[in-house]
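Colleague: Chains as they are written, first to last, in the numbering used here: chain R, 583 to 890; chain D, 583 to 890. Glycine included, each C-beta is placed from N, C-alpha and C at the ideal position. Got a structure here, written out as structure tokens. Questions coming.
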């Protein structure tokens, strides 16, 4: 799957991923009203609204982008109907040829991590049959529990040709509280990065590993260090746009081959029509605003990479 | 909710929680076959099998125990139907008067953590209505992302009178890879424990905080240190039984008031009928075997506490 992701990044010349994190407040009034007319103001109605919202954005942007990253929390908040909308979104994006990175940040131990891995990236056995529950192509994983928590995911990825992005240095302001603490003179995130690199070297696609890392765009200097610690790991970079990261901050996350990083934007793309810059599209044309925001983001990053 | 949990622990004189982590391989053949006869060998069939399995165990043990801890991964592996079985299990246990600890180990940042918190412990707004998606009473949370990740959960707990157990030192063999690394001479888990204690002091029930911690039974010495670092935090202790923890290892997790800890056993209870010790019950009477295993676990822990 890492090979497919890289092919798609090259084909689109767009090292970006659109975060499908649909807060109900991002969904234009007319989309909400149509869903509520059919299902009422229920969890099913909310799930229908976010699904229709996603579908329009995917239709408007899928030729420009290699991948999407649905954030499962935004679906999970709507209970079981929300999880059904998540699965429907994953399926639809895959039908459109997109690589799907499930931003699930799961992590547990042993058989429990295996259950998460099986449910999201693999197949679960039921009697003589087997089923793929949520069938994302990649998943994000939390490493706090150590190897026991990560290895079951790696095992399933190997069997199913899927991939991971492991949290190393997250984009949020307080990520340093634990991640930046010094251990033998080096911050925790570097130790986690070294572990990711070690796992990565044992699990290679053609040129990059299918065991990648998450490093926030908001910490470009740390990104530079982590890039060199994990030369073969793809880095998923959140924090661009709404969280403050800019194109020029991103250059250190890439390797000299122009590859090695994929930059996520969620709100900046899917709620673009709410920004002053794209207000002229109007709420009716929210998906066209998202398309323009993708074009602008790709230009920003390409320009930064060319000037680097 | 922490007050209710403590009341129930006192009323049952059982500081234990039954982990409802139903691997399909734990579900007796006759329960599986009945579910498959109705729904086929499908995800729905698997979900029905684990739900019927849970229901029988809850019916057989609910008068003896204060709480259950369903592990969401075991449901999530069966996709959307699995998540529906999870919600049904939570509802049923609450109807039976049990406190439900959702072992979800979620953790993200800002609005994303808030979405998890709302979906599992709170209410989500849909138009003019609001709904509780999975409505557990407590949830486990992963602290790797720092305060940004935890505070949205605390906020929802405060509003909804729910509670948290934050991962401090997990029970698995490799938990030390990151959690035990020394920072200014003290292991990371102690720093996380101090943070949990600080959050806890600001969010108190009558005698204990509703911000608790997870500390594995497999690390009793660390449990002793963490007990003194977090005097007002309830400690959820996994790792008893199948993972190797015994009654005598647990005494240091309790305070002198005999409270302060709640010990989980999953496989040891729900798959008791598979153990030699309880084999005479037979697979047909798996729930009775679980009841006996609860009685034996409570006796083991009470004896250890009395001899401490």
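Determine which residues of the region 700–717 of chain R have a Cβ less than 9 Å from any Cβ of chain B, and write them out in chain order.
Modeller: The structure shown has no chain B; the protein chains it does contain are R and D.
Colleague: Does the distance from the CB of residue 800 (chain R) to the CB of residue 831 (chain R) come in under 9 Å?
Modeller: Your numbering for residue 800 (chain R) matches position 218 in the first chain. Your numbering for residue 831 (chain R) matches position 249 in the first chain. A contact, by the Cβ cut-off of 9 Å.
Colleague: With C-beta atoms as the reference, is residue 691 (chain R) less than 9 Å away from residue 883 (chain R)?
Modeller: Here residue 691 (chain R) corresponds to residue number 109 of the first chain, with the count starting at 1. Here residue 883 (chain R) corresponds to residue number 301 of the first chain, with the count starting at 1. Not in contact: residue 691 (chain R) and residue 883 (chain R) (Cβ atoms no closer than 9 Å).
Colleague: Assign residue 802 (chain R) to one of three DSSP states: helix, strand, or coil.
Modeller: Sequence index remark: in the first chain, residue 802 (chain R) carries index 220 (1-based). It is helical.
Colleague: DSSP puts residue 671 (chain R) in a beta bridge; with which residues?
Modeller: By 1-based counting over the first chain, the position of residue 671 (chain R) is 89. BP columns for residue 671 (chain R) are empty, so no partner.
Colleague: For the alpha helix (DSSP H) holding residue 760 (chain D), just list the boundary residues, first then last.
Modeller: Taking the first residue of the second chain as 1, we reach residue 760 (chain D) at position 178. Residues 758–761.
Colleague: Can you name the residues of chain R whose CB is closer than 8 Å to the CB of residue 759 (chain D)?
Modeller: As a position in the second chain, residue 759 (chain D) is number 177, starting the count at 1. Neighbours of residue 759 (chain D) on chain R, chain order: 728, 729, 777.
Colleague: Pull out every residue of the region 641–655 of chain R whose Cβ sits closer than 8 Å to any Cβ of chain D, in chain order.
Modeller: Under the 8 Å Cβ criterion, the region 641–655 of chain R contributes 653, 655.
Colleague: Decide if the region 639–654 of chain D is in contact with the region 724–736 of chain R; the criterion is three or more beta carbon pairs, one per stretch, under 8 Å apart.
Modeller: Flag = no, the region 639–654 of chain D and the region 724–736 of chain R do not touch.
Colleague: Kindly list, in the order they appear in chain D, the residues whose Cβ is closer than 8 Å to that of residue 687 (chain R).
Modeller: The residue labelled residue 687 (chain R) in the question sits at position 105 within the first chain. Near residue 687 (chain R) (Cβ distances below 8 Å), the residues of chain D are 688, 689, 690, 724.
Colleague: If you follow the beta strand (DSSP E) that residue 698 (chain D) is in, where does it begin and where does it stop?
Modeller: Translated into positions along the second chain, residue 698 (chain D) becomes position 116. No beta strand (DSSP E) holds residue 698 (chain D); the alpha helix (DSSP H) holding it covers 692–703.
Colleague: Looking at the C-beta of residue 636 (chain D), does it have a partner C-beta in chain R at a distance below 9 Å?
Modeller: Residue 636 (chain D) sits at position 54 when you count from the first residue of the second chain. No, its Cβ sits nowhere closer than 9 Å to a Cβ of chain R.
Colleague: Roughly how many whole angstroms lie between the Cα atoms of residue 749 (chain R) and residue 660 (chain R)?
Modeller: Numbered from its first residue, the first chain carries residue 749 (chain R) at position 167. Numbered from its first residue, the first chain carries residue 660 (chain R) at position 78. The straight-line gap from Cα to Cα measures roughly 25 Å.
Colleague: If distances are taken between C-alpha atoms only, which option among R:843, R:782, R:822 comes closest to residue 806 (chain R)?
Modeller: On the first chain, position 224 is the one that residue 806 (chain R) refers to. Per the Cα distances, R:843.
Colleague: Near residue 585 (chain R), which residues of its chain fall below 6 Å by C-beta distance, leaving aside the five closest residues on each side in sequence?
Modeller: Position 3 of the first chain holds residue 585 (chain R). So the list reads 787, 788, once near-sequence residues are dropped.
Colleague: What are the start and end residues of each continuous alpha helix (DSSP H) run of 4 or more residues lying completely inside the region 605–653 of chain R, in chain order?
Modeller: Complete alpha helix (DSSP H) runs here, min 4: 611–621, 625–643.
Colleague: Give the DSSP-derived three-state secondary structure of residue 722 (chain D) in the structure shown.
Modeller: The residue given as residue 722 (chain D) occupies position 140 in the second chain. Three-state result, residue 722 (chain D): strand.
Colleague: Anything in chain D within Cβ reach of residue 756 (chain R), meaning under 7 Å, just list it in chain order.
Modeller: The sequence position of residue 756 (chain R) within the first chain is 174, counting from 1. In chain order: 728, 729, 730.
Colleague: Mind listing the chain R neighbours of residue 800 (chain D)? Cutoff is C-beta to C-beta under 9 Å, in chain order.
Modeller: The residue given as residue 800 (chain D) occupies position 218 in the second chain. Ordered by position in chain R, no residue passes the 9 Å Cβ test against residue 800 (chain D), which lies about 11 Å from the chain.
Colleague: In three-state terms, what does DSSP make of residue 840 (chain R)?
Modeller: The sequence position of residue 840 (chain R) within the first chain is 258, counting from 1. In the structure shown, residue 840 (chain R) sits in coil (DSSP, three-state: anything other than H, G, I, E or B).
Colleague: Inspect the beta-carbon positions of residue 704 (chain R) and residue 651 (chain R) and report whether they are closer than 9 Å.
Modeller: On the first chain, residue 704 (chain R) is found 122 positions in, with the first residue counted as 1. On the first chain, residue 651 (chain R) is found 69 positions in, with the first residue counted as 1. No, these two residues do not count as a Cβ contact at 9 Å.
Colleague: So the candidates are D:606, D:655, D:583; which of them puts its Cα closest to the Cα of residue 632 (chain D)?
Modeller: By one-based count along the second chain, residue 632 (chain D) stands at place 50. When each option's Cα is compared against that of residue 632 (chain D), the closest is D:606.
Colleague: So what does residue 769 (chain R) bridge to, in DSSP terms?
Modeller: Looking up residue 769 (chain R) in the first chain gives position 187. BP columns for residue 769 (chain R) point to R:764.
Colleague: Give every residue of the same chain whose Cβ lies closer than 8 Å to the Cβ of residue 608 (chain R), excluding the five residues on either side of it in the sequence, and list them in chain order.
Modeller: On the first chain, position 26 is the one that residue 608 (chain R) refers to. So the list reads 635, 849, 852, 853, 856, once near-sequence residues are dropped.
Colleague: Using a Cβ-Cβ distance under 9 Å, would residue 872 (chain R) count as near chain D?
Modeller: Taking the first residue of the first chain as position 1, residue 872 (chain R) is located at position 290. Not an interface residue.
Colleague: For residue 715 (chain D), which residues from the same chain have a beta carbon less than 6 Å from its beta carbon, with the 5 sequence-adjacent residues on both sides left out?
Modeller: Working through the second chain from its first residue, we reach residue 715 (chain D) at position 133. Around residue 715 (chain D): 701.
Colleague: So, are the CB atoms of residue 763 (chain R) and residue 683 (chain D) less than 9 Å apart?
Modeller: For this step, residue 763 (chain R) is matched to residue 181 along the first chain. For this step, residue 683 (chain D) is matched to residue 101 along the second chain. No; because the gap between Cβ atoms is not below 9 Å, this pair is not in contact.
Colleague: Name the residues in the region 654–683 of chain D whose C-beta lies less than 8 Å from a C-beta of chain R; which are they?
Modeller: Result list: 655, 656, 658, 659, 660, 661, 662, 664, 665, 666, 669.
Colleague: Would a check of beta-carbon distances place residue 628 (chain D) closer than 9 Å to chain R?
Modeller: For the purposes of this step, residue 628 (chain D) is identified with residue 46 of the second chain, where counting begins at 1. So yes, residue 628 (chain D) belongs to the interface.
Colleague: Buried or exposed: where does residue 885 (chain D) fall if 16 or more other Cβ atoms within 10 Å of its Cβ makes it buried?
Modeller: Mapped onto the second chain, residue 885 (chain D) falls at position 303. Looking at its Cβ environment, which holds fewer than 16 other Cβ atoms inside 10 Å, residue 885 (chain D) is exposed.
Colleague: Consult DSSP for residue 583 (chain R) and reduce its assignment to one of helix, strand or coil.
Modeller: Stepping through the first chain from its first residue, residue 583 (chain R) is reached at position 1. The answer is coil: DSSP assigns residue 583 (chain R) none of H, G, I, E or B.
Colleague: From this set, R:817, R:734, R:655, R:829, which residue's C-alpha is nearest residue 841 (chain R)'s C-alpha?
Modeller: Here residue 841 (chain R) corresponds to residue number 259 of the first chain, with the count starting at 1. Closest by alpha carbon: R:817.
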